[in-house]
Every structure is written in C-alpha cells, then in structure tokens.
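Protein chains in written order, with my numbering: chain A, 315 to 1195; chain B, 14 to 326.
All residues carry an ideal CB built from backbone N, CA and C; glycine is no exception.
Please read all numbers here as calculations on a predicted model, not as lab measurements.
Structure record follows, encoded as structure tokens.
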Amino acid sequence: MKRFKRHGHESQRDRLKHELFQFTKTVEHGFPHQPSALGYSPSLQLMAIGTRSGAIKLYPLIEPIPGDDKLLLINKAAGFLSKKNLFFPLIYFLILPPCLSPSLRSVPDDYVGRRNLEHVEALQENPVNSNQVVIGYGRGLMVVWDLERVICPQQLESMWWTEDGGSILSSHSDGSYCSWSLTGEDDGEEEEKSDIPYGNFPCKAITKIVQLPTAAGPPFLLFSGGMPRASYGDRHCVTVIHSKTQVAFDFTSRIIDFFVVTDEPSALVVLVEEELVVIDLQTEGWPVIETPYLVPLHSSAITCSHHVSAIPLKLWERIAAAGSLQNTHYSKKPWPITGGQNLAPDPPQRDLLLTGHEDGTVRFWDASGVCLSPLYKLSTAPVFHADADPNDNMSQSAEGEWPPFRKVGCFDPYSDDPRLGIQKIHLCKYSGYLTVAGTAGQVLMLELNDEAAEQTVEAKVMDLLQGQEGFRWKGHTQLDVREEPVMFPPGFQPFTVVQCQPPAVVTALALHSEWKLVAFGTSHGFGIFDYLQKNKVLIKCTLNPSDQLAMEGPLSRVKSIKKSLRQSFRRIRRSRVSLRKHHISNNTKVIQEANARLEAELAEMELAPVQRKIEARSSDDSFTGLVRTLYFADTFLSDSSHNTPSLWAGTNGGGVFAYILSVPPVERRADEPVTAQPAKEIQLMHRAPVVGIVALDGHGVPLPEPLETAHDLARSPEMHGSHHLLVVSEEQFKVFTLPKVSSKTKLKLTAVDGSRVRRVGVAWFVSSKAEDYSEVGLVFLTNQGDVQVLSLPHIKMQVRYPCIRREDVSGIASCVFTKQGQGFYLMSPSEFERFSVSARCLVEPRCLLEAPLHPVSPSQRRPQTEEASSEIQKSLEGDQT
Amino acid sequence: NHKPRRSSQNSFGGFKEFYQILQTIHHIHGDDVLLEYADVHGDLLPINNDENFHKAVSLANPVLRIIITKKGERGESTAYCTNSLQRRRKGLGLPGLRPAGSSTTLSKNKSGIMIGPPQDFRQISSIIDVDILPETHRRVRLHKNGSNKPLGFYIRDGVSVRVTPQGVEKVPGVFISRLVRSGIAESTGLLAVNDEILEVNGIDVAGKSLDQVTAMMVANSHNLIVTVKPVNQRNNIAPRGSKNSMGHSGSVGSGGSIGSALSHDSPSPASQSNPITASLKLPGSSSTIKQLETSLTLEKKKLNLDKSFFFLK
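See the structure below:
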C-alpha cells in the first residue's frame, strides 16, 4: 500500500515537473557568425542572410512558412535549411557560366533560361579572321564570339540590367565597369562607356555593380570594391554615386553583398563580415539607420555578461534616455525592412542584459523581447589615462580627399589597452548603482545621473597582500586614474574607483546597495569597500604563501594573446622576407627541413597520446586562494536569534570565509564606520572551487536581493526557523545549517558522473498550467554542456537537458541565467543563443508572413519535399520566364 | 616510552643483531618492542626484518632516528593506516559488497607467522569484492590515508575489444597510461600500464570522456576504488582448473569481456573457486586462519605465498 502511494506521488511529481520545466532554444540574438550571402525580396520586404555553416536566417524575425510560393533568390547559399522543423523551399542555387551574356539576345528561345548550356563541345577559330571564334555547346547551341569586341580582357565580376532593360552594366577585376547598350538590332550590344572610377593606378576588382533610376533626376550608381590597389587595397568600400555626390563608404570588414531597398532607392543595405549597415539614401548626407536587430555584439570582444530581470520603469526610462542622447548621428528614418507581422505578445517585463567588453565598455541591451536591441553604452576608459589614440574616431574625411571615404559601422575589435577589459558587472536595479570591475584590478562605482557632470573620480588603492612578504607582481601595472575632473555625459557616471594591489584581474564582485558596500576579490584575496564613506572596511588575503603562480600574475607566463599574435605576425613577415632572399638557393633544403621537423612532431604526437594525471587536490595547488564568489546576506551567523549582515567568500581551493558586518543604522550610516569581524571559515574536504553561495530562509527560499523587500517587490524573508547556507562547488552541492555551519545534506555531482559545475543561478519556475504555483530552483550548467535544475532546499535533481556542445568551452563560460529560468550563451563571438528551462517563461519569435500568391502555372508550384535537382530546375525556369 | 635514538652504526648486521644490541643498550631485555623510523617523506615506518632494517640504515643521513615503543602500548591503532580498518567496516555502498558482519579481523597476539593485516604495516591498497566480480576484473581500493604520497598514475583514451553476442566489437575505453615511480598506484603492484578502467567507485565509465573519468577519479581521490581489467590476465585469482585458459588475453589492453568472463563463473568447489574464503593452513600455525574479503598489499615486505592465493609485494 505504501509503495503504491509512493508511486502515485512520484507520477504526480513527474507531471509537475512537466508543467515547470521544459527546454527550448528560443531565439538567436546578435549578428550571424561568418555570413556568406545576402538576399532580399522587395515584394515581401524580407531579408535573408546565409552563413558558412549553412544556416539561413530571415529578417525581420519570421518563421519560414511551408509551401510559400514567393521566390527569394539567394546566391551562393550553401544549402537547404530546416529551421524550427519547417522545411524552407525558397532557396536554390543559381549557377551561370561566366561570360554567357553577350549574345544572349540571339540565343534561340529554347535555350534561354536553361540552367546551363552543357559543356563546351567544340572551339574553332575562323580561318579567315582569327579574331572570331565559334564555340559549340553540348546542347547544340553555337555562339560566334568576336574577340575584337571583347573590349574588356579583364575577368568579369558582375553584371546588372538597367531598369529599362536597355543596357547592361558589367564590372571587372581591374576595377573598371562598362555599360553595354542593347539597342542596335544587328550589331548586338555596343560598349557605350567604360570607366575605372578610381583609375590611374591599378585598382582592385569591382565585385558588384548596381544602377537604379530615380523618378526625377540622375540614377544611383552603386558598386563595391574598385579601390586603388596600392594605397587603399585594404579598404572595404561601397561607392555610391548620385549626380555630383560620390561617397565611398568605408566598412569595418570584408563586404559580402549589398542591396538597395527600392521603389525609389531609399536605403542601401550592406552586409559585411562582422555587421550589417543600412544607409539612408533619401536624407541629405546619407546617414546610417540604426539597426533594431543584427547588432554586432562583438564590436569589441565580449568579456562578461550580467542579466537583470524586471527593471523598474523609472530606471528603464532613465537608461533609455541616456542612450538616446548617444545615438544622435543616426537617421530618423524608420527601419526599411518591414515584412511580416509580429504576433508575439508584448514582453511581460523589462529585462536588461549587460555585456562587458574588452575595450572597457559596458553595453546595455534590451533583452525583454526577441530583438536584442542596444539601449545604452557606458565607457570606462575616460576615467583612466590610457594609451588611446585620440584621432581614432569616426571623423569625416578631410575636404577634397580622394577617394571620398566615410567610415561607417561600429565593429572595432582592437582594444587600446587590454587592462581596460571588463570582467564583472553588478547593477542594482532599485538604486541605480552600478559596479564594474576589470582586468587590472579596478573596481568602479557608478551612479546614474540624468545630467552631464564634470567630476573628479576618487581613487583608492587597496593592498590585498596585507604584508605577505617575498612576492613580486610580474603582471601588468595598475591603470592610471585621471586626477583632473572629467566631463561625463548623462548616464552612469563613476564617482569612486578602487584599485586592487597587486592589480590582478577581479574574479568576484558583489554589491549591496542597501548597506552601500561593494565586495571584490582577485587571485590574492578579497576586500569590502564602503562607497558611502569611501573607506575600506575589510581586506583579507587568501593567497597561499607558496603559490608563486598566482602571485606573479598572468602576464609573466602567459603572454597576452594580442601581443603574441602581433609578434608571430611579425615573425612570419620577417621569415617571408628572409625566405625570399634565400629563395632559390635554399628552397629545397628549407622544405626538407620543415618536413623533417613536421614528421618528428607528428611522430611525437602519436607516441604521447593525451593523458590525464590522477591526483588528489592539495592545498599547495596553484590559485587555491583565488576568490570565485562573494555574497552578502542578512542571516544568522553569530547566534540563532539575531540576524546580522554578513559577507561570504568562496575560493578556488574549496575555502569559504564568513564575516559578520556591523552596519550602522541609516541615520548614523554616514558617520560611523562599518566593521567586519571574521566569523566562520569552512574548508571543503574535496577542495573543489566554490562557485556559488546562497543563503536560504526559514522556508528554504533564497534571500531576496538588497532593497527588493524595501521596494515591496519581494516577500520579506522568513526570519523565524533556521536559515541554511547552500555552498555550490564545482563538484558538489552542500547545505549547511546556520548559525553553526554544520553540514546537513549534500549532493555529489562529479563523483557520480564526472561533470563539473560551470555556471549557476537561482531561478523561479512558474507552472505553465497554474500561474499561482511556482517553485524555486537552482539552475546550473556543467562542463559537459548540460543544463540541470536542482530543487531547493532539498537539493534533489529535477531535470537535465543537453544545451551546449561540451567542446564549446567559451560558450559554456559565457552562459548567464535569468531569474525566470531563461539563459543566454555565446554561440559564436557575435551571437547569443537564448534558451529557456522554464515551461512558462519563453521569449521566442512569433510572426506571420502573408505571402501574396502570384499567378503561377502549376509547374511552378513546388511541392514541399522533392528531389532538390528538379526543384532547382523548376524554380529556375520560373525565375527566368 | 618513545625513545628517539641517534644511532651512528656502521656495522651492517642483521635485524636480529640490531634488536639485541638495542635491548642491551637500553636494558629492555624481556620486553617486546617495536622499532620504527621516519623516512624522507616523514612517514613512520617499522623496522622488523633484515630488509627494512637495511633500508632504514641506508636512508640514515647522517644519523638514523629510531623510535622504540613497547609492543601493545599503542593499542588498537598500531596499524600504520590510521582508521583504515574502521573505514573498511563502514562499507562502501558498492553493489554486492559483502555485509560487514561476515568479516572478521585477525585476532591479535597470534603466535606464529602473521599473515592478516599486520599491525606493523600501513595499508595502501586492497583488492575488494573478489567474490562478486568476474575473475578477469579486479577492484582495487587505493588508500591515501592522509599521506603526502601521490596517487601517481595517468589515464588515457584507448580502444577496448569486447565480446558481445553480435561478435567482437571495438568500443572506446579508458586505460592507465603511466604509473609514477614510487606513487601509491605503483607501489601496490595491483595496477599496471594498459589496464582498462571499467568503474570508478562503483560507477561504470562506459560512454564517459577521458575528462569525465579524470574528474570522477579526482573527486573520489580520498577514497578511490577503481575496477580494472588487468592487461596481464595471468595472475588472476581464478579457479585452478581454468587457470591455463585464462592466459589467452596477453599483452593488449583489451580482450575478453564481461559476458565471456561471466561464463567462467561456473559453480565449482568452494575451496577452489573463491580463494578468498579458502582456508589455509600455514606451517607453525596451530589454528586455521580465515582470510577475508580483503587481500592486502604490504609495503616493503615480500612474502612468498602461494601465487594463486593473493598478491603481496
């Protein structure tokens, strides 16, 4: 009977799990990695981007609809795409033999539009006139080519029919383009005009040329490439010529393709390798239109991210207002690609995703809906004297410069100073305080201000070594804080910067806006700073005296990647030069030597397979003192009747340090000092890194965020009944009772399945059936790429879903969780994948595309699933007729 | 009664002579004493035969510090592996482990030759669960005992050949790739390079990556139990009758399978099939000593017992 009951209970629990948890990868934010093709459907107002991995993405975010009869031409697209399990029949290949067109008009109708003319069967020279050649194709077509008429001996790059069909534009590999008129009846086409726009010196190829008429006035001529090889061969340009105006838009990376949104040419859409740029051609000065999606997240490499759910409206508006002031140089025109309808409901709340970047900026993204759009950008570099290049801005080119360059786009991966990189971010959504910490031990405190202000940023140095002797920091130096007042624009303005000494990268950060304290940690120790009084409260050195590696700093042994890259490039260049010198004499010898070396290396690799050392962790391992996590909690640490503010710190070596804080009451807060006393120290037996600490209240619910209850946004924590402490290490989950800090329960992860915790967060899961039922859970990502959920406070495993490939180390490291059980990770350097573990809380695109049915013959209706070849054939026929 | 002693002996006699000299010097004739010394790792080690006596003398640098203790004074914890006995009793939670009640330890003060867990030695490893495992497999527990000695082995990916009903199948496996000199793993003599690792603390490693297996082993390093299929199947604890047939899987880190191995597990006389429960009468011993679920590997001592019984190094 008992067994029966229990079974019933379990199945009920299983049903509940189904209502609470569900894994979905919902939407991809950012810019597609390695785009390879661009397509546009003027009638549907849809844009498609193909990538080298074979994915095709449609924008605005539209689900492809099966059986859609509208054609969308995508050159070079590398395959059919099954997205969200819908087969997408709009894609096909178009392969044309080069130089087919010149006598297209005289080709019998029968052959027009065939995919190809089969192989060249015969090639004969005219016995009388050696300038004439006849080429016979396998299908029977014979074409007489007049070599004299082939005026451009250069390879053809692209062709364009003018609007009236009266002429053809061709562009060539030497940077020239020709216009061919098709009026003459017997002569065929004639070259009307040939031009090398950036001529005189050898130029690079014009890869694509487009000419578009305007209702009144001269046409627009647009082409990509064609730059003078020697001086500007490395620029990626699209030139727009209209009447007397000519601008060479200078892009940040290689141009993939471009198109123009027509009726009137209204917007030029250029896809380059790292971003999409849209230029308003109707407004004077041709400004850039801000992209609502497809924003390059990686305009400087992302170094960390932080998600804040449910932003109060007031703060949201202030951030958005600060952000809008930054975007004044954009065009006022609406986004020109308008196809489809968005059926997704308005997001239930405002969510922010903050990304920290290598160049010291923090970008604020609106992560509430399917479009991850930029809200505001904060730059921390002005606080410091950096080696920044002052003339490295988007300044307009000097008057009269030729070609008339104009830089567009925001992709700028080159950081002036790697020390500026942002490593940790913490935003308090109630108070508007923000703290960011970086690579050189800098911890900035910032406050939201709606007005621009000139202020001096106060710098405080905190020596985390606390007199530990015999160490010499060999890493980077600390940043130089500007002593003079700096003008800060509206938005988040820094007022204090703490500089850790030694200036090691900040590895943990916590902000408590109610107590006005910030805690930070590095590989040497951790500290608490009172940002109201601008005083240090606590410094604790966690460094193991024998840990030389942590002491010396990262740069001593591992050179900065950029530096080493630069060096290796130089080496290659040098070796190329030297190779060229000894080219003839030593060539074979060099090759032989290189081969021998390679063989030896290969043999070595085969001899020594990958092996792993099995060894217990010891207290003498490197970086055991590195602080991994910091946590403020108002809980029971001294005795079970009085709760006190406390700080908890977890280290890489499995150590947990607890401090009791005495925070004066609000009215005396500004005068009396905050103090910290050591209270507890735990050493986990298994010595695995501590990656998370959470205090649970009397109901087993994680304590609310600071100020959350003060703003009536959370139930106050249950202060009766005993609190518990959950310590998450990479290997196991352990619950301790408070205030005694004795072990209560634990769950081993690594010992059982060999996976390790990489990222962890607390989330509330609301049932998809009943809105009033919710459970709190601990959601974590393992090094195997699995997302798992544990129940709280009983730490029982609930669900496990494969999420990221385990080889994708950077993807796993970049994952952040939201409070509603969603998550983000970098699926490529430029794209966030958004996923949800919650069955209720999903942000996914819901769109409708009403495809106008064209009067098409039955043969053109392509069935959804068929052999690709016939489909291609039919669609090509359909396209050409 | 712990007497540190500086000895500058140069005459290399045997243990007996040395013992007598000490008795004479300290006037402790008639008392049974234990002689111990600290080695370079700071481990306390016994001197009770010629071999470890010479070892101790050779380590003297320049003086040998000897601790003399009256026998029995240290009570229960005379075994060098502190608390290893208790831990063993607790049970491992491994499937099929023999209930603790059925095991009996050697009674102390046995006259004659001692073979059980001797009190003068530190246990560093044990073979366990012999009765439930196929004889081609070996489950080894490595005792770290808080010593600084490294576990001292490396693992690698490899290919294992299994016999299945569908025929011979190649599957990925994890193998021991290297033993560190004088590490725990090597000094047990129970693990060898190219042994295939089948389980870690009772959990099957099939389908797990090398990194996962590494993480599992490190997470269990304080009490690591590995089940291996030894590359050398000649020393298996096997029924005498089938001993020769076991020699077939020679040098490769593969061959045999759970399935085929189980087929050997046919009922046979208890005295042969399960040597662990077999009785053995030793010369000079008046009583029959029942050997237990653990066979011991003892450090720095060699006993030449019947090879089919268990391994001692």
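- Tyrosine 491/A counts as buried, since no fewer than 16 other beta carbons sit within 10 angstroms of its beta carbon.
- Note on proline 799/A: under 16 other CB atoms within 10 angstroms of its CB, so exposed under the neighbour-count rule.
- The Cβ atoms of leucine 211/B and valine 241/B sit closer than 8 Å to each other.
- Put simply, the segment 981 to 996 of chain A does not touch the segment 1009 to 1029 of chain A. Fewer than three CB pairs are less than 8 Å apart.
- Rounded to whole angstroms, leucine 823/A and methionine 759/A show a C-alpha spacing of 12 Å.
- The three-state reading of DSSP puts tryptophan 1078/A in strand, counting E and B together.
- Relative to cysteine 685/A, the option among Gly368/A, Ile616/A and Leu611/A whose CA is nearest is Leu611/A.
- The DSSP-derived three-state label of arginine 154/B is strand.
- Isoleucine 34/B: member of the alpha helix (DSSP H) spanning 28 to 39, first to last residue.
- Listed by position along chain A, the residues whose Cβ is nearer than 7 Å to that of phenylalanine 166/B are Ile928.
- Along the segment 208 to 233 of chain B, going in chain order, the ones with a CB nearer than 9 Å to a CB of chain A are Val213, Asn214, Ile216, Val218, Lys221, Ser222, Leu223, Asp224, Gln225, Val226, Thr227, Ala228, Met229, Met230, Val231, Ala232 and Asn233.
- Nearest neighbour of leucine 155/B by Cα position, chosen from Met230/B, Leu146/B and Arg175/B, turns out to be Met230/B.
- Distance check between valine 239/B and each of Ile141/B, Glu182/B and Lys221/B places Ile141/B closest, using alpha-carbon atoms only.
- A residue is called buried when at least 16 other Cβ atoms come within 10 angstroms of its Cβ; valine 722/A meets this threshold and is buried.
- Shown here for alanine 562/A: same chain residues with a beta carbon closer than 6 Å to its own, the five before and five after excluded, namely Cys551, Thr553, Pro717, Pro718 and Phe719 in chain order.
- Taking the C-beta atoms as reference points, glycine 755/A is found no nearer than 8 Å to asparagine 858/A.
- The beta carbons of aspartate 794/A and histidine 699/A sit closer together than 8 Å.
- The residues Val1080, Ser1081 and Ser1082, in chain order, have a CB closer than 7 Å to that of arginine 1154/A in the same chain once the five nearest residues on each side in sequence are set aside.
- The Cβ of proline 163/B sits closer than 8 Å to at least one Cβ of chain A.
- Contact residues of the segment 1055 to 1070 of chain A toward chain B are Lys1062, Leu1063, Thr1064, Ala1065, Val1066, Asp1067, Gly1068, Ser1069 and Arg1070 (C-beta to C-beta distance below 9 Å).
- Residue pairing by DSSP puts serine 1142/A in a beta bridge opposite Glu1145/A.
- Under the DSSP assignment, aspartate 170/B falls in the beta strand (DSSP E) whose first and last residues are 166 to 177.
- Residues of chain A with a Cβ closer than 9 Å to the Cβ of aspartate 56/B do not exist, since the nearest Cβ in that chain sits about 16 Å away.
- Around histidine 1000/A, the beta-carbon contacts reaching into chain B at under 7 Å are Ala232.
- With a threshold of 16 other beta carbon atoms within 10 Å, tryptophan 475/A falls short and is exposed.
- The CB of glutamate 1121/A never comes closer than 7 Å to any CB in chain B; the least such distance is about 10 Å.
- Distance check between lysine 1054/A and each of Glu828/A, Gly746/A and Ala993/A places Ala993/A closest, using alpha-carbon atoms only.
- Ranked by how close their Cα comes to the Cα of asparagine 61/B, the residues Asp208/B, Gln246/B, Lys84/B and Arg247/B have Lys84/B in first place.
- Residues are counted here when their Cβ sits less than 8 Å from a Cβ of chain B; for the segment 1023 to 1045 of chain A these are Glu1045, given in chain order.
- In the three-state scheme derived from DSSP, where H, G and I count as helix and E and B as strand, valine 1123/A is classed as helix.
- In the DSSP assignment, valine 226/B falls within the alpha helix (DSSP H) that extends over 223 to 232.
- Leucine 1104/A is a Cβ neighbour of leucine 1092/A, given a cutoff of 8 Å.
- When C-alpha distances from glycine 1035/A are compared across Leu1052/A, Glu1044/A, Gln1046/A and Ser1043/A, the shortest belongs to Leu1052/A.
- Distances from the CA of valine 1066/A to each of Ala228/B, Arg247/B and Asp144/B were compared; the closest alpha carbon is that of Ala228/B.
- Secondary structure at phenylalanine 337/A: strand, using DSSP grouped into helix, strand and coil.
- Excluding five sequence positions before and after arginine 931/A, the CB atoms of its chain that fall closer than 6 Å to its own CB belong to Arg1001, given in chain order.
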